[in-house]
Amino acid sequence: MGNQSSNTSPQLVMYLKSLHNLPALNIPEGYELRSFIPGDEKEWENIINASFRYQSDFVKEIISKEYFKPERVKFICWGNKPVATATAWESKDYSKEAGYLHMVGVLPEYTGKKLGYHVSLAALYEMASEGKKSAVLQTDDFRIPAIKTYWNLGFKPMLVHENQVKRWNDISVKLNLPELANALIKDKLV
Ligand SMILES: CC(C)(COP(=O)(O)OP(=O)(O)OC[C@H]1O[C@@H](n2cnc3c(N)ncnc32)[C@H](O)[C@@H]1OP(=O)(O)O)[C@@H](O)C(=O)NCCC(=O)NCCS
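Residue numbers for the sequence shown follow my numbering, so the first one is 13 and each next one is one higher.
In structure tokens, the structure reads:
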């Protein structure tokens with residue numbers, strides 16, 4: 013990955029302090045929100061392969077894991093076709109009180125409509141309904157649309173390595189969003 017992998021370790025972490033008072037979930041007109049149903053395995057792989065650009069495996073990555081529940085895997089569909097996905101997951105790296113937002117992707121031809129925001133919000137509602145108090149996620153420096161999406165959802169950057177002060181500053185410049193760097197949480201909270 014050349015430059016993308018230089019000085020981009022460890023991964024960036026973002027933290028949403030509270031799952032109370034989430035914004036209203038308003039799925040854009042013409043689209044439909046639903047959870048995983050059997051048969052969606054290939055649809056999920058299709059979205060993830062195209063958005064993350066690797067060969068994903070739903071069984072290996074999701075269904076075989078202890079955290080899998082159908083209602084945790086959200087899709088936004090156009091007609092019957094899933095075009096966006098996000099998963100309400102968990103991670104042993106963080107507090108049990110925190111949900112872990114996982115595998116957010118939108119088919120490239122459907123980006124630019126904030127579907128990533130809406131489908132992630134649906135996953136956050138799922139976490140809240142399961143009694144989670146907060147949410148955490150990991151991301152990468154080059155995922156600019158994702159970072160803006162998470163920021164719009166209320167996630168704040170959380171420092172997990174000194175090299176990330178500069179990395180978050182660079183991202184905040186790229187996004188023309190000084191508030192992002194100013195919001196950097198310097199104590200590990202989760
Ligand atoms: C992350 C992802 C799901 C977002 O898709 P989307 O919902 O269609 O996102 P949008 O294109 O609507 O953009 C989201 C925001 O980023 C902003 N944005 C996008 N590209 C940008 C850029 N180059 N510079 C600045 N802002 C940018 C948009 O303006 C929008 O901000 P706004 O809602 O405040 O106006 C999609 O980009 C994706 O699938 N990426 C690949 C997989 C990935 O990285 N997933 C996240 C893993 S952590």
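The beta carbon of each residue, even a glycine, is placed where N, CA and C say it ideally should be.
Query                                                                                                                              : Result
Hey, could you find the ends of the beta strand (DSSP E) F64 is sitting in?                                                        : Taken as a continuous stretch (DSSP letters only), F64 belongs to no beta strand (DSSP E), being part of the alpha helix (DSSP H) at 53 to 64.
Around the C-beta of Q176, are 16 or more other C-beta atoms found within 10 angstroms, so that it is buried, or is it exposed?    : buried
For V85, is the classification buried or exposed, using 16 other Cβ atoms within 10 angstroms of its Cβ as the cut-off for buried? : buried
Any chance the CB of Q150 is under 8 angstroms from a heavy atom of ligand 1?                                                      : yes
Taking only heavy atoms of ligand 1 into account, decide whether any of them is closer than 8 angstroms to the Cβ of S184.         : no
What are the boundary residues of the beta strand (DSSP E) that includes V148?                                                     : 146 to 151
Under 8 angstroms from any heavy atom of ligand 1, does the C-beta of L127 make it?                                                : yes
Between the stretch 98 to 118 and the stretch 145 to 153, do at least 3 Cβ pairs fall closer than 8 angstroms?                     : yes
Let me know the secondary structure DSSP gives G128 once reduced to three states.                                                  : helix
Do L43 and I88 have their C-beta atoms closer together than 9 angstroms?                                                           : According to the sequence provided, residue 43 is Tyr. The question's Leu does not apply to it. Their beta carbons are under 9 angstroms apart, which means Y43 touches I88 by this criterion.
In angstroms, rounded to a whole number, what distance separates the CA positions of V118 and P40?                                 : 14 angstroms
Would F80 and K54 be called neighbours here (beta carbons separated by less than 9 angstroms)?                                     : no
In the structure shown, what three-state DSSP assignment does L24 receive?                                                         : strand
Between which two residues does the beta strand (DSSP E) carrying P169 extend?                                                     : 168 to 170
Determine which residues share a DSSP beta bridge with P94 and list them.                                                          : C89
Which one of M139, K160, P157, P190 has the shortest CA to CA distance from L34?                                                   : M139
May I have the straight-line CA-CA distance separating I1 from N58, to the nearest angstrom?                                       : The question about residue 1 has no answer, for the chain in this structure spans 13 to 202.
Could you tell me if the beta carbon of T20 falls within a distance shorter than 8 angstroms of some heavy atom in ligand 1?       : no
Looking at ligand 1, does it come within less than 8 angstroms of P35, judged from the CB to the closest heavy atom?               : no
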